[in-house]
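Novice:
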Amino acid sequence: MILESFVKPSLLAQFSRAFALVFVITGCGYSLDSRLPDEVTRVESIEPALARERKLDFIKPVRVAVDTPEQAQKAIANQITRDHTDEELSIGGESGAMTGLYPPDIDLKLKTLQLMHDQVVAFYDPDAKQMVIVEGRNGSAAQRATTGAAMDELVIAHELTHALQDQHFGIQQMLERVKNNDDKTLALKCVAEGDATLAAFGLTAGGLRTAALESTLKRLAALSINPPAEQHDMPLAVVMPMLFEYSAGSRFVAEAWRHGGWKAVNQLYRHPPLSSQQIIHPELYFNRPTPPIEIELAGYNKLLEGWKKVDDDTYGELLLELLLRRNLPFDAPALSVVARWAGDRIITLQKGGQLTLLWVIAFHDEASAQQFAHSYSRILAHLGGSSNPHGVATRSAAVFVAIGPGVRDFSRLSEAVWKMTKIGAASVRQAAR
Ligand SMILES: [Zn+2]
0 MILESFVKPS LLAQFSRAFA LVFVITGCGY SLDSRLPDEV TRVESIEPAL ARERKLDFIK
60 PVRVAVDTPE QAQKAIANQI TRDHTDEELS IGGESGAMTG LYPPDIDLKL KTLQLMHDQV
120 VAFYDPDAKQ MVIVEGRNGS AAQRATTGAA MDELVIAHEL THALQDQHFG IQQMLERVKN
180 NDDKTLALKC VAEGDATLAA FGLTAGGLRT AALESTLKRL AALSINPPAE QHDMPLAVVM
240 PMLFEYSAGS RFVAEAWRHG GWKAVNQLYR HPPLSSQQII HPELYFNRPT PPIEIELAGY
300 NKLLEGWKKV DDDTYGELLL ELLLRRNLPF DAPALSVVAR WAGDRIITLQ KGGQLTLLWV
360 IAFHDEASAQ QFAHSYSRIL AHLGGSSNPH GVATRSAAVF VAIGPGVRDF SRLSEAVWKM
420 TKIGAASVRQ AAR
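Letter by letter, the sequence shown follows residues 0 to 432 of numbering that gives the first Met the number 0.
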């Protein structure tokens with residue numbers, strides 16, 4: 000729940016990030032201007048061309064529905080409510096504010112709805128097995144005249160690729176199988192969005208070619224440097240993972256495509272990347288496979304009696320970077336340690352109305368762990384001061400962080416956690432020897 004809520008598998012799979020491609024590419028709020036019969040015809044005409052480009056056949060045709068923006072918004076809100084209770088969303092927001100990932104008092108549900116409301120122009124619904132197009136409501140007549148048809152084609156091809164992913168790879172089930180690991184979910188979503196983005200480009204460009212691909216990737220990459228949604232008071236950690244799915248996801252999938260065409264892209268669903276780190280550094284997937292280290296955080300029960308575990312998650316390199324960026328100057332040396340992330344596990348405990356967080360972050364070397372611990376102690380001191388008890392300790396190349404009112408005796412707590420926690424195959428104690 001630490002990751003922005005819309006990155007949750009269920010939600011994400013349901014509304015396959017329709018979040019307009021359009022938005023990604025043009026940065027404008029253009030959306031489809033459509034009437035149902037026209038759209039059905041258009042989708043039907045795009046299907047065979049997309050199947051040829053993507054080299055996958057449609058096992059069955061994809062139904063098309065057209066929603067008003069209000070209907071679409073309602074469907075999204077219902078989905079959020081079905082997948083997450085308000086309590087879960089509020090815990091997700093509060094724990095993210097405690098670590099410094101989100102601004103204080105964030106309303107995660109509201110922010111998610113706002114973002115969706117602004118961006119969704121079409122989506123593929125794997126439950127109903129249909130593509131939903133949101134009726135046009137903005138974009139000037141001039142914009143539509145110049146880019147309308149091409150944009151419609153791009154969006155439809157993108158969503159149809161999600162239908163192919165559903166029919167051939169069971170992408171929704173894949174996402175649902177990932178439990179309590181938003182970083183892993185994000186990596187899988189990057190494959191789905193990157194695939195859909197490239198397939199749609201291939202279709203509209205009359206075939207994917209290296210030169211055109213490079214310029215497209217460059218345009219997508221520019222988004223991560225200058226995220227458009229920031230101007231709408233949208234926290235970076237809410238909007239960036241979504242942009243990341245398109246920009247970094249496309250770059251990652253393009254790497255597979257260069258290696259072996261669409262067949263190699265299909266293989267990504269059989270052996271998906273396991274972390275945002277592998278998406279950011281594709282060589283850690285393709286050349287020197289480096290899966291994240293598994294961490295089993297334990298040993299705290301006796302010292303935190305009455306506290307109940309309400310969430311369990313992994314931040315991963317991307318969120319760790321966003322957290323540091325939110326709290327450090329842009330050129331802070333500590334920012335470089337995120338690339339040395341090796342794995343992490345964060346547990347949210349609840350008692351009464353309060354939360355306590357326990358977090359173990361493993362790095363590939365001790366110096367990075369120490370650098371992170373040093374910077375993060377200062378961030379936490381600044382964030383909560385005395386009203387937010389916390390502690391940070393290192394052992395070997397790992398860092399243990401505890402935040403919240405349950406942290407009364409940090410040294411005892413960290414001793415107990417170091418003793419029982421397993422990092423990779425060996426416990427930390429063994430690793431330290
Ligand atoms: Zn998509």
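All C-beta atoms in this analysis are idealised placements derived from N, C-alpha and C, irrespective of residue type, glycine included.
Grouping DSSP H, G and I as helix and E and B as strand, with all else coil, what is ALA236?
Specialist: Here ALA236 sits in helix by DSSP.
Novice: Ligand 1 and ALA253: does any heavy atom of the ligand fall closer than 7 Å to the residue's C-beta?
Specialist: No, ligand 1 has no heavy atom inside 7 Å of this Cβ.
Novice: Please confirm whether ILE278 and ALA247 have their CB atoms less than 8 Å apart.
Specialist: Cβ distance < 8 Å, so ILE278 and ALA247 count as in contact.
Novice: To the nearest angstrom, how far is the alpha carbon of TYR123 from that of GLU158?
Specialist: So the alpha carbons of these two residues sit roughly 6 Å apart.
Novice: Would you call HIS389 buried or exposed, if buried means 16 or more other Cβ atoms sit within 10 Å of its Cβ?
Specialist: So HIS389 counts as buried.
Novice: Who are the near neighbours of GLU435 in its chain, counting only those whose CB is closer than 6 Å to its CB and skipping five residues on each side?
Specialist: Only positions 0 to 432 of the chain appear in the structure, and residue 435 is not among them; the question remains open.
Novice: Buried or exposed: where does GLN230 fall if 16 or more other Cβ atoms within 10 Å of its Cβ makes it buried?
Specialist: In this predicted model, GLN230 has a pLDDT of only 47, less than 50, meaning its place in the structure is not dependable; the value taken from the coordinates is given anyway. GLN230 comes out exposed.
Novice: Please look up how many angstroms separate the CB atoms of VAL337 and GLU304, rounded, as I've assumed it's under 8 Å.
Specialist: Contact doesn't hold; Cβ gap of about 35 Å is too wide.
Novice: Output the distance between the C-alpha atoms of ALA341 and LYS418, rounded to the nearest integer angstrom.
Specialist: Rounded to whole angstroms, ALA341 to LYS418 spans 20 Å at the Cα level.
Novice: Does DSSP classify ASP56 as helix, strand or coil?
Specialist: In this structure, ASP56 counts as coil in the three-state DSSP scheme.
Novice: Taking contact to mean at least 3 C-beta pairs separated by less than 8 Å, is the region 364 to 376 in contact with the region 329 to 336?
Specialist: Segments in contact, yes.
Novice: Tell me whether ALA372, by its Cβ, gets closer than 7 Å to a heavy atom of ligand 1.
Specialist: Not so, every heavy atom of ligand 1 lies at least 7 Å from the Cβ.
Novice: Three-state secondary structure (DSSP) at GLY206?
Specialist: Reduced to three states, the DSSP call for GLY206 is coil.
Novice: VAL55: which of ARG81, GLY260, LEU185 sits nearest, CA to CA?
Specialist: As written in the sequence, residue 55 is Leu, which differs from the Val given in the question. Cα-wise, what sits closest to LEU55 is GLY260.
Novice: Would the region 160 to 172 count as touching the region 286 to 302 if we require 3 or more Cβ pairs under 8 Å?
Specialist: The answer is no - the region 286 to 302 does not touch the region 160 to 172, with fewer than three Cβ pairs under 8 Å.
Novice: How about GLU192: is its Cβ closer than 7 Å to a heavy atom in ligand 1?
Specialist: Checking the Cβ of GLU192 against ligand 1 gives yes.
Novice: What is the DSSP secondary structure of THR355, counted as helix, strand or coil?
Specialist: Reduced to three states, the DSSP call for THR355 is strand.
Novice: Could you round the C-beta distance between GLY91 and LEU107 to whole angstroms and report it? I think they count as a contact, below 8 Å.
Specialist: With 8 Å as the limit, GLY91 and LEU107 qualify as a contact, their Cβ atoms being about 5 Å apart.
Novice: Do LEU354 and LEU100 have their CB atoms nearer than 8 Å?
Specialist: Cβ atoms of LEU354 and LEU100: not closer than 8 Å.
Novice: Span of the alpha helix (DSSP H) holding PHE399?
Specialist: Careful: PHE399 lies outside any alpha helix (DSSP H), inside the beta strand (DSSP E) at 397 to 402.
Novice: On the DSSP bridge assignment, give the partners of MET130 in chain order.
Specialist: Beta-bridge pairing links MET130 to VAL63, TYR123.
Novice: Rounded to a whole number of angstroms, what is the C-alpha to C-alpha distance between ARG407 and LEU348?
Specialist: So the alpha carbons of these two residues sit roughly 14 Å apart.
Novice: So, with DSSP's three-state summary, where would you put VAL406?
Specialist: Here VAL406 sits in coil by DSSP.
Novice: Just reading off the beta strand (DSSP E) that HIS389 is part of, what are its end residues?
Specialist: Residues 389 to 394.
Novice: Please go through the same chain and pick out, in chain order, the residues whose beta-carbon is closer than 8 Å to the beta-carbon of LEU185, but skip the five residues on each side of it.
Specialist: Closer than 8 Å at Cβ, skipping near neighbours: LEU2, VAL6, PRO240, PHE243, GLU244, SER275, ILE278, GLY315, LEU317.
Novice: Have a look at ILE346, ARG377, LYS308 and flag the residue whose alpha-carbon is nearest the alpha-carbon of PRO328.
Specialist: Taking only the C-alpha atoms, the option nearest PRO328 is ARG377.
Novice: When you compare the CB positions of VAL120 and ILE75, do they come within less than 8 Å of one another, or not?
Specialist: Going by C-beta atoms, VAL120 is not nearer than 8 Å to ILE75.
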